[in-house]
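S.K.:
Chains as they are written, first to last, in our numbering: chain L, 185 to 410; chain R, 185 to 410.
1) Per DSSP, what kind of secondary structure is residue 228 (chain L) in: helix, strand or coil?
2) Say whether chain L places a C-beta atom closer than 7 angstroms to the C-beta of residue 255 (chain R).
3) Residue 258 (chain R) CB to nearest chain L CB: under 7 angstroms?
4) For the stretch 289-301 of chain R against the stretch 191-201 of chain R, do three or more pairs of beta-carbon atoms, one drawn from each stretch, fall closer than 8 angstroms, so that the two count as touching?
5) At a CB-CB cut-off below 7 angstroms, which residues of chain R make contact with residue 369 (chain L)?
6) Pull up the distance between the alpha-carbon of residue 309 (chain R) and that of residue 223 (chain R), whole angstroms please.
7) Taking residue 308 (chain R) as the query, report the chain L residues whose CB atoms sit under 7 angstroms from its CB, ordered along the chain.
8) Beta-carbon separation of residue 313 (chain L) and residue 340 (chain L) under 7 angstroms?
9) I need the boundaries of the beta strand (DSSP E) containing residue 251 (chain R), first residue and last residue.
10) Is residue 376 (chain L) near residue 205 (chain L), with beta carbons less than 7 angstroms apart?
11) Any residues in the stretch 213-226 of chain R with a beta carbon nearer than 7 angstroms to a beta carbon of chain L? Which ones, in chain order?
12) With 16 other CB atoms within 10 Å as the buried threshold, where does residue 303 (chain L) fall?
13) Thinking residue 281 (chain L) and residue 307 (chain L) are a contact (beta carbons under 8 angstroms), I'd like their distance in whole angstroms, please.
14) First and last residue of the beta strand (DSSP E) that includes residue 221 (chain R)?
15) Determine the DSSP secondary structure at residue 349 (chain L), reduced to helix, strand or coil.
16) Give me the chain R residues within the contact set of residue 402 (chain L), using Cβ-Cβ distance strictly less than 7 angstroms, ordered along the chain.
17) Three-state secondary structure (DSSP) at residue 410 (chain L)?
18) Could you tell me which uninterrupted alpha helix (DSSP H) segments, each at least 4 residues in length, are contained entirely in the stretch 303-376 of chain L, listed from first to last along the chain?
19) For residue 400 (chain R), which residues from the same chain have a beta carbon less than 6 angstroms from its beta carbon, with the 5 sequence-adjacent residues on both sides left out?
20) Kindly indicate if chain R contains any beta-carbon less than 7 angstroms away from that of residue 357 (chain L).
21) Quick one: which residues of the stretch 311-345 of chain L get their C-beta closer than 7 angstroms to a C-beta of chain R? List them in chain order.
22) Are there three or more Cβ pairs, one per stretch, closer than 8 angstroms when the stretch 262-273 of chain R is compared with the stretch 236-249 of chain R?
23) Rounded to a whole number of angstroms, what is the C-alpha to C-alpha distance between residue 351 (chain L) and residue 385 (chain L)?
24) If you draw a straight line from the alpha carbon of residue 196 (chain L) to that of residue 285 (chain R), how long is it in whole angstroms?
25) Could you tell me whether any non-hydrogen atom of the ligand NAD is closer than 6 angstroms to the CB of residue 376 (chain L)?
26) Would residue 351 (chain R) pass as an interface residue toward chain L - the criterion being a Cβ-Cβ separation below 7 angstroms?
27) At a CB distance below 7 angstroms, what residues from the stretch 266-279 of chain L approach chain R? Give them in sequence order.
28) Buried or exposed: which applies to residue 214 (chain L), given that a residue is buried once 16 or more other Cβ atoms fall within 10 Å of its Cβ?
29) Considering only their Cβ atoms, is the gap separating residue 382 (chain R) from residue 390 (chain R) smaller than 7 angstroms?
30) Put residue 300 (chain L) into one of helix, strand or coil per three-state DSSP.
31) Use the C-beta contact count for residue 188 (chain R): other C-beta atoms within 10 angstroms, 16 or more gives buried, fewer gives exposed.
32) If we count the other Cβ atoms within 10 Å of its Cβ and call it buried at 16 or more, is residue 365 (chain L) buried or exposed?
33) Between the beta-carbon of residue 225 (chain L) and the beta-carbon of residue 332 (chain L), is there less than 7 angstroms?
34) Look at the Cβ atom of residue 217 (chain L), then the Cβ atom of residue 298 (chain L), and state whether they are nearer than 7 angstroms.
35) For residue 281 (chain L), does the three-state DSSP call read helix, strand or coil?
36) I believe residue 234 (chain R) touches residue 255 (chain R) by the beta-carbon criterion, under 8 angstroms. Please report the beta-carbon distance rounded to the nearest angstrom.
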């Protein structure tokens, strides 16, 4: 297949996705639900983080979650234990969620019943970057074992995110991880992006992260209706 | 875009890739070079492993390497320090190497001068699985911090690999990682696949891994010419 033809095919897919994403964003806004998507490499700790957030924020807020994976319903099963409505989207061989998958998944939900909807994307630092899911906030997770250079090597996903979250902070010392270098690399790729840091294992940074989510939600509530 | 049309587009791309990969494999075989590709999540330790292998096997063997990334030439720069011919392939927004990229990259090399050619793919557990690069041996790396469930969640990449390599073995205890569960999950997805284990940091398992590569090369040498 010729390259111009490939570019054309890709452009058409993205355009269709953007139309659905815009429709979703309107719907989320009208329902008053804050939609937060999580993107990262496989194993950076998205589900583990969500387990903690569902427990903590679930006390005073109504939360739902969608989780994407190529195969298995393991993550949905893990999260369902916390009592929140959870749906698994299995993508087969597709390396990312798209807006249509999200639209289908929330079809039977009354979105007005939720304060937060979390969308955990397929573990991938490349493909999800081009697909708007209608979210209000996209957070890119990067775990300390992955190394300090990831923002430079996968710039697009950092560029499409609204905030970065460094995970597995408790491994910093054992890995000899250079946190300042990572933060510097994030700022090189996306100057000014908020960077938060957590260890779900020790609890370090969790309160700050949850406060950040709550603050973003209050911003949403005070925004004018579109 | 309709789903049947998407499937057709994808099929055409893969068919074209397979033709180039077959041509490459013939060329590698005639040149007597053992071609080993490494696939994994971002940050699983492909480049760190290669640094060690280039040092050790480079004493008695002629080695070259190709490294794929969306952006930066960092990995090529890291590997070039070991004196081996190294080329970086930057893929832009493409989430995997394909056979044409490899063919272009080796174009100016006399492959007969090498015993081993290593190809480090873009860090991704999804996209590289469908693209044959003409390699003789595909190794999927999975690092302990990623968790035991990765083979079940990303089965395709494990199914297209010839061997699995567990990396960052020195973190097993600090993570409370269940190595047996990981191996069991690998065997569930691809029964009989060899599983090797290393820590580049401590050197554990490196000799066994390098012996495995050398043994595979001697099998190649004794294979009949196609």
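All C-beta atoms, glycine included, are put in the ideal place defined by N, C-alpha and C. Given the structure is predicted, the values throughout are model-derived calculations rather than measurements.
M.R.: In short:
1) coil
2) yes
3) yes
4) no
5) Chain R residues near residue 369 (chain L): none, gap ~10 angstroms exceeds 7 angstroms.
6) 7 angstroms
7) 308, 310
8) yes
9) 247-253
10) no
11) 225, 226
12) buried
13) Going by Cβ atoms, the distance from residue 281 (chain L) to residue 307 (chain L) rounds to 11 angstroms, so no, they are not a contact pair.
14) 218-223
15) strand
16) Result: empty, since nearest Cβ-Cβ is about 34 angstroms, beyond 7 angstroms.
17) Confidence at residue 410 (chain L) is low in this model, with a pLDDT of 47, below 50, so its placement is unreliable and the value that follows should be read with caution. Coil.
18) 334-337, 339-343, 356-359, 363-373
19) 321
20) no
21) 311, 327, 329, 330, 331, 333, 334, 336, 337, 338, 339, 340
22) yes
23) 10 angstroms
24) 25 angstroms
25) For the structure depicted, the ligand NAD is absent and the ligand set is empty, with no information on it obtainable.
26) no
27) 277, 279
28) exposed
29) yes
30) strand
31) exposed
32) exposed
33) no
34) yes
35) coil
36) Not quite, the Cβ-Cβ distance comes to about 19 angstroms (not below 8 angstroms), so this is no contact.
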